[in-house]
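**Q** Heads up: the sequence shown is residues 77 to 622, going by our numbering. Glycine is no exception: its CB is placed at the ideal position from the N, C-alpha and C atoms. Nothing here was measured: the structure is a model prediction, and the numbers come from that model.
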Amino acid sequence: MAYSNNSKYRIDRETIERILDSAKIEEVVGDFVTLKKRGVNLIGLCPFHNEKTPSFTVSPAKNLCKCFGCGKGGNPVHFIMEHEQLSYYDALRWLAKKYHIEIKERELTDEEKQEESIRESLFVINQYALQFFTDTLYNTDEGKAIGLNYFHHRGLRDETIKKFQLGYSLERRDSFAKTATTAGYKPELIAKTGVCYSTDDGRLQDRFWGRVIFPVHTLSGKVVAFGGRILQNNAKAAKYVNSPESEIYHKSDHLYGLYFAKQAIIQKDHCILVEGYLDVISMYQAGIQNVVASSGTSLTTGQIRLIHRFTNNITLLYDGDKAGIKASIRGIDMLLEEGMNIDVVLLPEGEDPDSYAQSHSTEEVEQFIERNKVDFIRFKTNLLLDEVGDDPIRRAELIGDVVKSIAVMPSDILRSEYIKKCSEKLNVSEQILVQGTAKLRMQRAEEQEKRSKSANDNTENVNEEKSGTAIDEFRQDIINSYDKALHYKERAIIQFMLKNGDKLLQVPEDKTNNTPAFTETVLSHLFYSFEEDGIEISHPLYSKIF
């Protein structure tokens, strides 16, 4: 097998197309899943979540796979990316090796090589810093007396400390700087990582001196940044210091703990979001492993899409500080806009995820979350209603705030359901909420159209025929969503599938097609029966649901 793993090369388009043409979904999935014939398709147990009844279907004709339990699937590249947690290009290399395809890669330009070399150097220095901090924690008197003692005092066990690769930076301003430069690392590259910084007079100084260290990992486990917590009472010093942005670290694209949590998130199809480093670590130690942290910053689109790669379901776990909650929920509309299902859990007063996990068993934490979770819209309404009272102006503002959150949801069905709930909760007619939501969505469509036109001002008729107008699409969306008189038979089919889809059917043996008897869900049976008979749902909304 002749291909280069060297990051100084890129796979050429012709080779990518050869890989995509050669990779057969049944052969790729078959390396990991036992598949049985089911008509024109194959079926097996899903590798992405625990199940007893097969719902993972492979379609050789379409070269696609799909799980009707958790929703995971895609073409051979998507499957390998998801199953092996690889990047797109690494998944292509995996498939190339399987199908004995020689990889042809384009050599990088000198400028690209220089950028790649710097990136590689920064990762190497970060790894060296990680080893330095962990060694300092366990093998120096100061590290053991201060750093290790602090972690033990916070209830962390040694296996947890080692699992998360926690460390300590000595109470000296240049301890790591001197060690790293003596080891041969260039001062300018050390400064680029953010572990150190250059003073005005050109000296290299440690950024995290006198702090316990929390490494931040990429999805593949590389150390991309560090967070440091001060242990002394110093009003002039920040409690936490984090690595600045660099060529390898953009904080808006990382979530603390995701490297450790990703498999649990996939298995549970659920992610718990907390605020800080110790919240994640204590929850993980308590057996709640599908947990990540935004590390005290507002959620970004990049972070949301990271979570969305693994699940559609997220629970926000807050302590009892209402002021803090209000500050953090302002950006949650982005989660709704991404089509995620959001629940909120409020911990008892005086508790945070760290302290609650330390004082309760795994079962108690899980039961508390399950009993107390509330969908985000209801939680937001309850939170704001406490302040509004009988003030009509503030009540109108509250209604507007809630409508704004509903309007960003991409799902027609979810918007309709939340409008009903809010109508009852706020004692406002559904018609007013529908009109308010439609108005906001129309405004967003107009703004989107303006941005699109502005971007194309310097070109002639670019995208005019291709895209149409956002407003026309929105109007058609409303017509399709609310025209309940049409397609009543298709609606009945959808209602039946939604109500009975998870029920089991015993499919008898088919000697004609040499297919043994097996059990499958109503949803799977109907879907593939329609597919095999060439039946299509014509109504666009029902088709989308189907």
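How big is the Cα-Cα spacing for Asp282 and Asp430?
**A** Against the sequence shown, residue 282 aligns to sequence position 206. Against the sequence shown, residue 430 aligns to sequence position 354. The straight-line gap from Cα to Cα measures roughly 29 Å.
**Q** Could you give the distance in angstroms between the alpha-carbon of Tyr558 and the alpha-carbon of Pro616?
**A** Residue numbering aside, residue 558 sits at position 482 when the sequence shown is read from its first letter. Residue numbering aside, residue 616 sits at position 540 when the sequence shown is read from its first letter. In this prediction, Tyr558 has a pLDDT of 43, which is less than 50 and means its spatial position is unreliable; what the coordinates show is noted afterwards. Cα-Cα distance, rounded: 12 Å.
**Q** Identify whether Thr269 lies in helix, strand or coil by the three-state DSSP scheme.
**A** To locate residue 269, count along the sequence shown from 1; it is residue 193. The answer is helix: DSSP assigns Thr269 an H, G or I state.
**Q** Secondary structure at Gly150, three-state DSSP: helix, strand or coil?
**A** Here residue 150 is taken as the residue at index 74 of the sequence shown, counted from 1. Three-state DSSP puts Gly150 in a strand.
**Q** Just to confirm before moving on: does the CB-CB distance between Asp419 and Asp395 stay below 8 Å?
**A** On the sequence shown, position 343 is the one that residue 419 refers to. On the sequence shown, position 319 is the one that residue 395 refers to. Not a contact, by the Cβ cut-off of 8 Å.
**Q** Going by DSSP, what residue range makes up the alpha helix (DSSP H) through Ser245?
**A** The count along the sequence shown starts at 1 and reaches residue 245 at position 169. Note, Ser245: premise wrong, no alpha helix (DSSP H); beta strand (DSSP E) at Gly243 to Ser245.
**Q** Taking Arg114 as part of the beta strand (DSSP E), name the residues at either end of that continuous run.
**A** Locating residue 114 in the sequence shown gives position 38, where the first residue counts as 1. Lys112 to Arg114 is the span of the beta strand (DSSP E), which, as asked, contains Arg114.
**Q** Helix, strand or coil for Cys498 per DSSP?
**A** By 1-based counting over the sequence shown, the position of residue 498 is 422. Note: Cys498 maps to helix in three-state DSSP.
**Q** If contact is defined by three or more beta carbon pairs under 8 Å, each pair taking one atom from either stretch, is the stretch 357-367 in contact with the stretch 138-150?
**A** With a cut-off of 8 Å, the stretch 357-367 and the stretch 138-150 do not count as touching, because too few Cβ pairs lie within range.
**Q** Cα-Cα, which of Glu196, Val450, Glu413 and Ile266 is closest to Arg381?
**A** Residue mapping note: residue 381 aligns to position 305 of the sequence shown, counting from 1. Ranking the options by Cα distance to Arg381, first place goes to Glu413.
**Q** Is it right to say Tyr353 is buried, meaning 16 or more other beta carbons lie within 10 angstroms of its own, or is it exposed?
**A** As a position in the sequence shown, residue 353 is number 277, starting the count at 1. Buried is the call here.
**Q** Only counting the same chain, and skipping five residues up and downstream in sequence, which positions put a Cβ closer than 8 Å to that of Val504?
**A** In the sequence shown, residue 504 corresponds to position 428, counting from 1. Same-chain partners within the cutoff: Ile475 and Cys498.
**Q** Over what stretch of residues does the alpha helix (DSSP H) that includes Gly378 continue unbroken?
**A** To locate residue 378, count along the sequence shown from 1; it is residue 302. Here the alpha helix (DSSP H) through Gly378 covers Thr377 to His384.
**Q** Under the assumption that Val478 contacts Asp409 (Cβ atoms under 8 Å), give the Cβ distance between them as a whole number of angstroms.
**A** Within the sequence shown, the letter at position 402 stands for residue 478. Within the sequence shown, the letter at position 333 stands for residue 409. Between Asp409 and Val478 the Cβ distance is about 11 Å, and since that is not below 8 Å, they are no contact.
**Q** Residue range of the beta strand (DSSP E) that Leu280 falls in?
**A** The sequence position of residue 280 within the sequence shown is 204, counting from 1. From DSSP, the beta strand (DSSP E) with Leu280 extends over Leu280 to Asp282.
**Q** Report the three-state DSSP secondary structure of Asn388 (helix, strand or coil).
**A** Taking the first residue of the sequence shown as position 1, residue 388 is located at position 312. Coil.
**Q** Tell me Arg230's beta-bridge partners as DSSP assigns them.
**A** Within the sequence shown, the letter at position 154 stands for residue 230. For Arg230, which the question treats as bridged, DSSP gives no partner whatsoever.
**Q** Taking the alpha-carbon positions, what's the Arg114 to Lys239 distance?
**A** Position 38 of the sequence shown holds residue 114. Position 163 of the sequence shown holds residue 239. Arg114 and Lys239: Cα-Cα distance of roughly 43 Å.
**Q** Nearest chain B C-beta to Ile390 closer than 8 Å, yes or no?
**A** Annotation note: the requested chain B is absent from the structure, which comprises a single protein chain.
**Q** Under the three-state reduction of DSSP, which class applies to Ile611: helix, strand or coil?
**A** Locating residue 611 in the sequence shown gives position 535, counting from the first residue. Residue state, collapsed to three classes: coil.
**Q** In whole angstroms, give me the CA-to-CA distance for Phe252 and Asn215.
**A** Numbered from its first residue, the sequence shown carries residue 252 at position 176. Numbered from its first residue, the sequence shown carries residue 215 at position 139. Spanning the two alpha carbons is a distance of roughly 15 Å.
**Q** Between the alpha carbons of Ile383 and Leu393, how many angstroms are there, rounded?
**A** Along the sequence shown, one-based indexing puts residue 383 at 307. Along the sequence shown, one-based indexing puts residue 393 at 317. Distance between the alpha carbons of Ile383 and Leu393: 15 Å.
**Q** Quick check on Phe155: buried or exposed, where buried means 16 or more other Cβ atoms within 10 Å of its Cβ?
**A** By one-based count along the sequence shown, residue 155 stands at place 79. Buried is the call here.
**Q** Could you check the C-alpha separation between Glu440 and Val421 for me, to the nearest Å?
**A** The count along the sequence shown starts at 1 and reaches residue 440 at position 364. The count along the sequence shown starts at 1 and reaches residue 421 at position 345. Cα to Cα, Glu440 sits roughly 14 Å from Val421.
**Q** Can you pull the DSSP bridge partners for Ala301?
**A** Position 225 of the sequence shown, counted from the start, is the residue given in the question as residue 301. DSSP output for Ala301 lists Val292 as bridge partner(s).
**Q** How many whole angstroms separate the CB atoms of Gly286 and Glu247, which I take to be in contact at a CB cut-off of 8 Å?
**A** The residue labelled residue 286 in the question sits at position 210 within the sequence shown. The residue labelled residue 247 in the question sits at position 171 within the sequence shown. That belief holds up - the Cβ atoms of Gly286 and Glu247 are roughly 4 Å apart, short of 8 Å.
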